[in-house]
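Chemist: Below is one structure. I have some questions about it.
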Amino acid sequence: MGNGEGALGAIWTTATAALGTLLTRGSWRTSATVGTSCALLAVNGVNLFLFCSWCTLQFRWIHESHAGAAATCERLIFALCPPTTTTILTWAFASASAGAERAAFYGSVVSLITHRMFLFPCASACAAVTKTNGPPSDKRSALTESDAEYATVATLGLPVALYLWTNLDTLFKSLDHVFACGALVTVPVLYLIAAGTEKSLWWRARGVDVASKRMETAVLLFALTGFAVSVEGGIIFSEFAEYIEIMAPLNYIMVTVSVHSALAVFAACYANAVGDGVPTGAVKATLALSTSTAICALGAPLWMIPIPIAGSSSFVKYYYEDREPKDYGVFAASCVGCFSWFLSKNFWSLDVRVGAFDVKQLCVAILLLAVAALALPAVLNTKSARAPTVGVLVVCYVSALATIEQILSQATHDDDSLIYPPYLVIVTSISGFLASRGLVISGRISREFGWVMQSVCGAKLSMLFVRGLKEMFSVLVVVLAITAPHAMSRRMTQLSPGASVGYCVALVFSLVFARFAMFDVIFELSGHRPTDATLFGGLLLITGASLASVVTRQSYGDDMFSKRLMMLLSFCGVFLITFRPPMPWKGEVGMWYDAEHVPDSEEDEARMYGVRENAHHGWPSWLLMLAALTAIFAVSSPRQQTKSTSTIRIALSAVCGGSVGLYMALEFFVQQVALTALLFVACALVGVFLSFTYSPSPKSSRWLPYVYLSFVSVLGLAYVTQMGGSDETVDDHQARMEGKFGVVGVFAGTSLQIAFALKLRIKTSLESVQHRRRQGGTSPFLPATGRSRPEYFRGVASRNEHRELKAKAIAWMPIIGNIATLTSFLACVVLSDELADGSAFSVFVLAPILLLLHQDSVIFPILEDSQRYAPPLAMIVGKMCWDAVAAILAGPNRVHVLAATASKLPWMTLNALSLLLASVNSINLVHYLATSVRTDGMTLILTAPLAVVAPFLSKIPSVRALAFTSLIAVVTQHTLQRRAKIVGLKYL
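Right, here's the structure in full:
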């Protein structure tokens, strides 16, 4: 309630509790090794820590009052996010269909991306903490040099470490692991050099002399050599060995010469050394050597060797000498000739069908695609080519590439391995996306064609999940429809109502058209067929999320209908996906589904077994959807309310609350008509109360107290209906007890909602009073006007608040809010004692409910500042004392007859003394918080050891818990009193 410290503390406490729960429940202990389980626990802990650090940075007062803490949180986020993200996603890839062997390579890509995002030079968003009083520096880096160094090494070294860990058992049984580790080591090194060491390794202290440049060149050559060896052993001789026809050891020599020669040419071109440091003739000779040895290794006849030599020579001549078109033509012709020979030798004569296509047809399509790929650079370099023409050609080429990749991605070898690996789909998609951005920036194609090209590249990734061309095309239609507002932002800001409706219809039709693709994607991700509710909910959710970018534009202004429609669609989609209720129709083969895409059916358990054992999947779950829809309309009603508007809101609020009550009755209180009706009425009253508390009408404050009284009366009557007679059976008694606890649970939950709503409304109503207090109130450095004032004058602010509430006719709100808070707390305590076996620690979880208490004119006349924490602590102490007294009166556990004859008075006396010793410090803190009367320092020192003695004298859990509470209480009271003393000394 406006307490930033409390909110921040709640975030860190929740994260700590979550980690403690994970640690104690043992869910992190997997069937793998102990090291893997500990690493999983550590990653979860770091993930929670990073989340809390990010939340800490969202508080402005942290930046203003604790700039050092903010800077530390920022450093930790930038330093720990890359390795944590790499570890989590690598683990996800290993757990998914990627497998443990390929997961490290996908994780390596993630590590490079996260390194680029977090570990490149970045200015800090937090104010720099300086030792002087001068202005902070705006150019301070988010990371120190040592932090960036350690984070870079950890991020880029994690993939190879994870690969070694996951393949430890078979690491020395195959050379494939050596090549894989070589690729995982050399690829990050090449990335660092390619990105520019002045940015990727900005933390490294390096000179500008020739020696450092030579060292960088040597590392580059070493990394290129290692990468070449890894490519040879891990890809060429592993996946493409069947195409190499030269016998060993000549095949290894020729492939090595070809690969290293090509890398040498690449290094010279990348360093811009061709023509300056490296003669053009040497580049021609090296490239000719690479291509000729490669085609010889593939088994080409001797008459074909001059073809790649001529092509490589023309390629170098075109790009580094005269740039004559005929040179590029010779290069393109040689590429087409060599590729045609390769296809005819290995695939053209096969009598095989790939999907619905013959292999000859597929070879012709691939050859035409290669010709188009060679023709596009020539077209792009032609000055006379118009941008629309180039755009059409590029889009057609990318579409043809996606089509052929879709066909090849479904073909498999005899051992069920894919002919076209999935990583090639990802590589071509990313390359196409980057190429489209470059073409748009250079002005060679328009923005619209770039948008279509990027959409095709994005939709192309769906072939990793979907199986047919039609499904991939439907995904493309959906991507185009969703991204249209972003690509045509200037036009979409001036849409007429008719055009907006047309866009919505087109979006819905595109999603309906892509229902089979959605089915396949959900099946691949979840492992089972989706239901009708999941498919329909996904359609609504995507539609609502897509309309958000259109509705939030300036042209719509305050159009509440559009925003309500967006919220309605999004919520309905989330509800259907989460609860999966039975739909009015059942998916069968017909117009909407085919034989391969028949959705799963969630049979209503009441229809199958006569009773529903598990909640949330039956027909009553539709009541929750009705409740949420009516709540959205009731809360989003206009502020200026008329009589008719209030009447409609009353009806909608009653339907909202009544639907929740009816759902609980039908799900958990079967065949109890009276209780069902009473719960419906009670929850309907709660819905009306909450609706008009959050958004009041001019006269709602007059009749809301009567609504609350009616709610309490109806729930009291519902509790009475569960009172049984003397002649009931054991089953009837059990059902009655469950009904009683159910009514108490409903009362606890609804009362807590009422208390929170009233607390929020009171805070909103008193914002002007609190603002005046902050502007002209007493300073925290004037203790003489605070704790030392007489009691009458100390309650002036509280009485002013009471007058303000009375003037607004809402003086009853804090009274009813306190009643609701106390009753909900008591109801939760009752439920805890009955359902949680009376745990002594449950009160620690329930006591924060009492922070909703507010000062009123009847129960708590003064409840300001630290006094707010007195009731929760008092309830903790009182509840543990009550449990301890009950345990003492019950006596010790009698194990055998001899113990039964002994007197229990000494045992009771010892435990009573322990209870007294354990409660002294807690009672002192409660008294200090409630009255602000200091406890003498010597008294605190003398009473502190009492809490240490109590756990050794008593074995009652509540006494030991109270002793632990007293230890914390005495330290807290000492800290608070010392802080107040320092403030007083500053005042003096």
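If you read the sequence shown in our numbering, its first letter stands for residue 189, the second for the next number, and so on.
The beta carbon of each residue, even a glycine, is placed where N, CA and C say it ideally should be.
#1: In whole angstroms, what separates the C-alpha of Gly-875 from that of Leu-1103?
#2: Straight-line CA distance for Thr-143 to His-303?
#3: Identify which residue in Thr-1160, Leu-550 and Asp-1071 has its Cα closest to the Cα of Ser-537.
#4: Using 10 angstroms around the beta-carbon of Arg-837, count the other beta-carbons present and answer buried if the total reaches 16, otherwise exposed.
#5: Give the DSSP-derived three-state secondary structure of Ala-198 in the structure shown.
#6: Would you report the Cα separation of Gly-370 and Arg-703, rounded to the nearest angstrom?
#7: Taking all protein chains shown into account, decide if Tyr-980 is buried (16 or more other Cβ within 10 angstroms of its Cβ) or exposed.
#8: Ala-330: buried (16+ other C-beta within 10 angstroms of its C-beta) or exposed?
#9: Between the C-alpha atoms of Val-667 and Leu-346, what's the straight-line distance to the nearest angstrom?
#10: What number of angstroms, rounded off, separates the C-alpha of Val-1114 from the C-alpha of Pro-1139?
#11: Can you name, in chain order, every residue of its own chain whose Cβ lies under 6 Å from the Cβ of Phe-653, other than the five neighbours on each side?
#12: I think Tyr-1116 touches Gln-1055, with their Cβ atoms under 8 Å apart; what is that distance to the nearest whole Å?
#13: Using C-beta distances below 7 Å, list every residue in its chain close to Gln-1165, excluding the 5 sequence neighbours before and after it, in chain order.
#14: Please report the straight-line C-alpha distance between Asp-236 and Trp-810, rounded to a whole angstrom.
#15: Any idea if Ala-195 is buried or exposed, counting beta-carbon neighbours within 10 angstroms, 16 or more meaning buried?
#16: With a CB to CB cut of under 7 Å and the five nearest residues on each side skipped, what residues in its chain are close to Ala-1062?
#17: How would you label Gly-726, buried or exposed, when you count the other beta carbons within 10 angstroms and need 16 or more for buried?
#18: DSSP three-state call for Arg-717: helix, strand or coil?
#19: Below 8 Å on the Cβ atoms is my guess for Asn-534 versus Ala-485; work out the distance and round it to an integer in Å.
#20: Which residues mark the beginning and the end of the alpha helix (DSSP H) in which Ile-483 is found?
#21: Rounding to the nearest angstrom, what Cα-Cα distance links Leu-753 and Trp-807 in this structure?
#22: Could you check whether Leu-723 and Leu-757 sit closer than 7 Å to each other, using their CB atoms as the reference points?
#23: May I have the straight-line CA-CA distance separating Trp-242 from Thr-278, to the nearest angstrom?
#24: So what does DSSP say about Ser-329, is it helix, strand or coil?
#25: For Thr-1163, which residues of its own chain have a beta-carbon under 6 Å away from its beta-carbon, when the five flanking residues on both sides are left out?
#26: Three or more C-beta pairs closer than 8 Å, one from the stretch 813–821 and one from the stretch 759–771: is that the case here?
#27: One question on the structure: do Pro-565 and Cys-526 come within less than 7 Å of each other, judged by their Cβ atoms?
#28: How is the alpha helix (DSSP H) around Asn-235 delimited, first residue to last?
#29: Quick check on this structure: which residue in Val-615, Ser-883 and Ala-997 has the alpha carbon closest to the alpha carbon of Leu-948?
#30: Is the stretch 543–563 touching the stretch 610–618 in the sense that three or more CB pairs, one from each, lie closer than 8 Å?
#31: Buried or exposed for Gly-798, going by 16 or more other Cβ atoms inside 10 Å?
#32: Might you give, ordered along the chain, the residues of its own chain that have their beta carbon closer than 8 Å to the beta carbon of Ala-203, omitting 5 neighbours on each side?
#33: DSSP three-state call for Val-504: helix, strand or coil?
#34: Buried or exposed: where does Arg-800 fall if 16 or more other Cβ atoms within 10 Å of its Cβ makes it buried?
#35: Does the structure place the stretch 1062–1079 close enough to the stretch 1027–1042 that three or more beta carbon pairs sit under 8 Å?
#36: Tell me, to the nearest whole angstrom, how far the beta carbon of Cys-314 is from that of Ala-280; I am working on the premise that it is less than 8 Å.
Modeler: On the basis of the data shown:
#1: 45 Å
#2: Any question about residue 143 goes unanswered here, given that the chain covers just 189 to 1176.
#3: Leu-550
#4: buried
#5: helix
#6: 43 Å
#7: Low confidence applies to Tyr-980: its pLDDT is 48, below 50, so where it sits in the model is not reliable, and the reading given next is rough at best. Classification for Tyr-980: exposed.
#8: buried
#9: 34 Å
#10: 21 Å
#11: Asp-708, Val-709 and Glu-712
#12: Going by Cβ atoms, the distance from Tyr-1116 to Gln-1055 rounds to 10 Å, so no, they are not a contact pair.
#13: Arg-1122
#14: Reading the sequence as shown, one finds Leu at residue 236 and not Asp. Near 35 Å, if we compare the C-alpha coordinates of Trp-810 and Leu-236.
#15: exposed
#16: Val-1114
#17: buried
#18: coil
#19: Wrong, their Cβ atoms sit about 13 Å apart, outside the cutoff.
#20: 468–485
#21: 24 Å
#22: no
#23: 23 Å
#24: strand
#25: none
#26: yes
#27: no
#28: 222–245
#29: Ser-883
#30: no
#31: With a pLDDT of only 47 at Gly-798, under 50, the local geometry of the prediction cannot be trusted, and no value is derived from it.
#32: Leu-236, Phe-237, Phe-239 and Cys-240
#33: helix
#34: With a pLDDT of only 47 at Arg-800, under 50, the local geometry of the prediction cannot be trusted, and the value read off the model is given with reservation. When all chains shown are included, Arg-800 counts as buried.
#35: yes
#36: That pair is no contact at about 31 Å.
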